[in-house]
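Enquirer: Using our numbering, the letters of the sequence shown correspond one by one to residues 828 to 1459. Glycine included, each C-beta is placed from N, C-alpha and C at the ideal position.
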Amino acid sequence: MANALVSRIELRFLDAAGDARALALAADEPSASRDGLTLSAHQEKAIGGTIVRATVANRGADAVRLTSAIFDVATGFAASAPARFFKHGYQSWSASGGHDVSASQTHPRDTANFITRVNHQSETARPPEFSEAQTSELFTIVESNNVTERVLAGFIGATASLSTLTVASPEKIAARAILDDVTLAPGAHRELDPLLIASADESAARLAARWADAAGRWMKARVSAPFQRGWCSWYHYFHAITEDAIRANLKSLEAMRSEFPLDVVQIDDGFQAALGDWDITNSKFPSGLKKIAGEIRAAGFKAGIWTAPFLAARDSRLMAHHPDWFIMHAESGEPVRAGYNPNWTGSDDKFAYALDPSNPAFRAHLRQLFAKLTRDFGYSYLKLDFLYAAAAPGKRHDQNLTRGETLRQGLEAIRAGAGDDAFILGCGCPLGQAVGVVDGMRIGPDVSPFWGSTASGAGDPSTVYALDAIIARSFMHRRLWLNDPDCLMLRARKTKLTADERAALAATIVGSGGMLLISDDMSLLDAEAGKLFRAAAQIAEEIDSNAAREPVLALNLMTNGDVRGLITETQDGGAIAMILNRGDSSARVQTSDLKLDAGEIVALDLALDEKIEIFDTIELPPHSSRILRIKR
């Protein structure tokens, strides 16, 4: 098969009269011009593929507005051949997985409400030629039947714009930089984010890791933070958290430090006076955030705090005092709704509204707020949630910024305020724009105290959908950031998770090597739970320590069967694998089908510390898992 290559680049724009225009550049041309615009591009061989870089310059007398730049990538596959592509999700909670090419041009979100589409798509309305069902975010991989090579196309930069890749037919990938009708003034130029194209006879997961490694290097990813172990209030207390509950758990954590060796204690949603007022507490936290942080640090833990910095509700001081800080509907002049939660506000209006980091006054507020939370109050672990709101569509203060640049500038303002030493965890975030700013990133939807296979959609709280995402995005760990697989729930009471389901959650988190936070009322945990946690932490840290050298990979990234898994190579030449049966029926797995290249396989039981040698088959009850240590 011939190497994949860019066959054409097309720039779409609106001229001074508002008419739609296009400027095309053939693969063998260094530049092309029209209506005062010049589009230039060059390609360089790197990372076992080709990096394409393009620039737009306005040499005319009038400002224009840039709509999009489309890179047509010829895969070399036959148009008639059955093929699959990896559909990567938009933000932390959005589903990722393999899909048949041309299986359907319709997607359930096509008829979903506006807030759902703002959550999970880089565009709330896709242009017809780039249908949601056929479109991946940031990168994709295409494989075709009876061809050993796979093709990767992915943007390795994300500071200039949001981006998509559409696979409507196996022979072509349409990689698109979304430029949001941004203004390009006379004499100005704009560099587009670089695109990596590669074809190789290697697994889809390894190709994905190659993309993540390239993107991490290009964007100077923050990947050196130590392995994170902590406690979070959310999955037991939810919005009902109080400072008394924090103190009770803090006392238990201090007393149980040997059973549960943790570093971070993080307060989640429920402390704030109003959505948008993050330094002021409600009546459940009468002592205020600074005093609570001091108590957490005095007990020997790092203090962590949750915020949703790009959202505010009607009853917040921020929205009352600064109505000009919001993204607005161009037609109505009203602020854009980007969330809905009755627990967030006492007002009749239960919506949350999207703030606009393109406004320098709001960015200054972010810097001051996060300097206060870290340097004054003492919170060194910052969980930033619902970050997609900054990229919501609408009228912005600065029309020279794309939505991707707006989100990026907001994140950079938070980092500037918090300082370089703070650990920043992103959540609900379009992924590319956060690389190089955050230290950790949630890579799936919320877990929940129930299995959740009947949840209304991937992205809703659901333990099984969270497990799917942990596996699908495992390759990002220690390449773009530390992966946050979300919290482990150990409690056997006040939960709908069975023992097998709790063990499956633990094993999948462990197998990913990602961050390890628990979220239980500590009074519900006993010595057995502590034993499981310590065993989980030991294996997870071993996998994490290898991850910078060798990525954690899905056993088969492109298939969506009930049996899924992860594998990481160890420094002794062996490997650690995790096998999950997410289905509702028992599964029997042949070890030969897993292609583990194993001389000896031992199954580890985290709870009982049992070691069982595996020969030809692995029996997996419904909703269960196994961790395997492989010797070669």
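Put MET828 into one of helix, strand or coil per three-state DSSP.
Expert: At MET828 the pLDDT is 45, less than 50, meaning the model places this residue with poor confidence; the figure from the coordinates comes in the next sentence. Coil at MET828, not helix or strand.
Enquirer: In whole angstroms, what separates the C-alpha of ALA871 from that of LEU979?
Expert: Sequence check: residue 871 is Glu here, not Ala. So the two alpha carbons sit approximately 16 Å from each other.
Enquirer: Can you tell me the Cα-Cα spacing of ALA1354 and PHE913, whole angstroms?
Expert: About 42 Å.
Enquirer: Nearest-angstrom Cα distance between LEU965 and ALA910?
Expert: 20 Å
Enquirer: What are the boundary residues of the alpha helix (DSSP H) that LEU1234 is part of?
Expert: Residue range 1230-1245 is occupied by the alpha helix (DSSP H) that includes LEU1234.
Enquirer: Nearest to ASP1266 by alpha carbon, out of ARG1202, SER1207, SER860, PHE1213?
Expert: SER1207
Enquirer: Quick check on the DSSP output: the alpha helix (DSSP H) that includes ARG1376 runs from which residue to which?
Expert: Counting along the chain, ARG1376 falls outside any alpha helix (DSSP H), and DSSP gives it neither H nor E.
Enquirer: Can you tell me the Cα-Cα spacing of PRO1220 and VAL891, whole angstroms?
Expert: 19 Å
Enquirer: What residue ranges within the region 1355-1390 form continuous beta strand (DSSP E) runs of no fewer than 3 residues, ordered along the chain?
Expert: none
Enquirer: Are the beta-carbon atoms of ILE878 and ILE1024 separated by less than 9 Å?
Expert: yes
Enquirer: Grab me the residues of SER1114's own chain with a C-beta within less than 7 Å of its C-beta, minus the 5 sequence neighbours each way, in chain order.
Expert: GLU1070
Enquirer: From the DSSP secondary-structure annotation, give me the bridge partner or partners of TRP1038.
Expert: According to DSSP, TRP1038 bridges with nothing at all.
Enquirer: Which word fits TYR1167, buried or exposed, when buried means at least 16 other C-beta atoms lie within 10 angstroms of its C-beta?
Expert: exposed
Enquirer: Please report how far the alpha carbon of PRO1312 lies from the alpha carbon of ALA1188, in whole angstroms.
Expert: 34 Å
Enquirer: So, using beta-carbon positions, are LEU1077 and VAL1092 closer together than 9 Å?
Expert: yes
Enquirer: Determine the DSSP secondary structure at CYS1059, reduced to helix, strand or coil.
Expert: strand
Enquirer: Between which residues of its own chain and ASP1176 is the CB-CB distance below 7 Å, once the five residues before and five after are set aside?
Expert: ARG1141
Enquirer: Ordered along the chain, which non-local residues of its own chain (more than five positions away) have a Cβ less than 6 Å from that of SER988?
Expert: Here the set comprises ALA1004, ILE1005, LEU1006, THR1229, GLY1231.
Enquirer: Which first and last residues belong to the beta strand (DSSP E) in which ARG1415 is found?
Expert: 1414-1417
Enquirer: Fully enclosed by the region 1172-1234, which beta strand (DSSP E) runs are 3 residues long or longer?
Expert: 1178-1181, 1206-1211
Enquirer: Counting pairs of beta carbons, one from the region 1291-1307 and one from the region 918-936, are three or more of them closer than 8 Å?
Expert: yes
Enquirer: Take ARG1409 as the anchor and find which of PRO1378, LEU1382, LEU1447, CYS1314 has the nearest alpha-carbon.
Expert: LEU1447
Enquirer: Leaving out five residues before and five after MET828 in sequence, what residues of the same chain have Cβ atoms less than 8 Å from its Cβ?
Expert: Here the model assigns MET828 a pLDDT of 45, short of 50, so the residue's position is not dependable, and the following value carries that caveat. GLY903, PHE904, VAL974, GLU976, SER1026, listed in sequence order.
Enquirer: Take ALA1363 as the anchor and find which of ALA884, GLY1338, THR1386 has the nearest alpha-carbon.
Expert: When ALA884, GLY1338, THR1386 are compared, the shortest CA-CA separation from ALA1363 is found for GLY1338.
Enquirer: Per DSSP, what are the beta-bridge partners of TRP1133 in this structure?
Expert: LYS1210
Enquirer: Could you tell me which residues DSSP pairs with TRP1308 in its beta bridges?
Expert: HIS1304
Enquirer: Pop quiz: CYS1256 and GLN918 are said to be a contact at Cβ under 8 Å. What is the actual Cβ separation, rounded to whole angstroms?
Expert: 6 Å
Enquirer: Could you check what DSSP says for PRO909 in three-state terms: helix, strand or coil?
Expert: coil
Enquirer: Answer with buried or exposed for ALA1120, where buried requires no fewer than 16 other C-beta atoms within 10 angstroms of its C-beta.
Expert: buried
Enquirer: Measure the beta-carbon distance from ARG835 to ALA853 and round it to whole angstroms, keeping in mind my assumption that it falls under 8 Å.
Expert: Confirmed, about 6 Å.
Enquirer: Helix, strand or coil: which one does DSSP assign to ASP1170?
Expert: The amino acid at residue 1170 is misidentified as Asp; the sequence shows Asn. Correct three-state label for ASN1170: helix.
Enquirer: Let me know if GLY1426 comes out buried or exposed under the rule of 16 or more other beta-carbons within 10 Å of its beta-carbon.
Expert: Exposed is the call here.
Enquirer: Of all the beta strand (DSSP E) runs that stay within the bounds of the region 1052-1120, which reach a length of 3 or more residues?
Expert: Segments of the beta strand (DSSP E) lying fully in the region 1052-1120: 1056-1059, 1091-1094, 1099-1101, 1104-1108.
Enquirer: Taking 6 Å as the limit between beta carbons, can you name the residues of its chain near SER1451, skipping five residues before and five after?
Expert: Excluding five sequence positions before and after SER1451, the CB atoms of its chain that fall closer than 6 Å to its own CB belong to ASP1327, ALA1331, ASN1408, given in chain order.
Enquirer: Over what stretch of residues does the alpha helix (DSSP H) that includes GLU964 continue unbroken?
Expert: No alpha helix (DSSP H) holds GLU964; the beta strand (DSSP E) holding it covers 962-964.
Enquirer: State yes or no: is the C-beta of ILE1132 within less than 9 Å of the C-beta of GLY1097?
Expert: no
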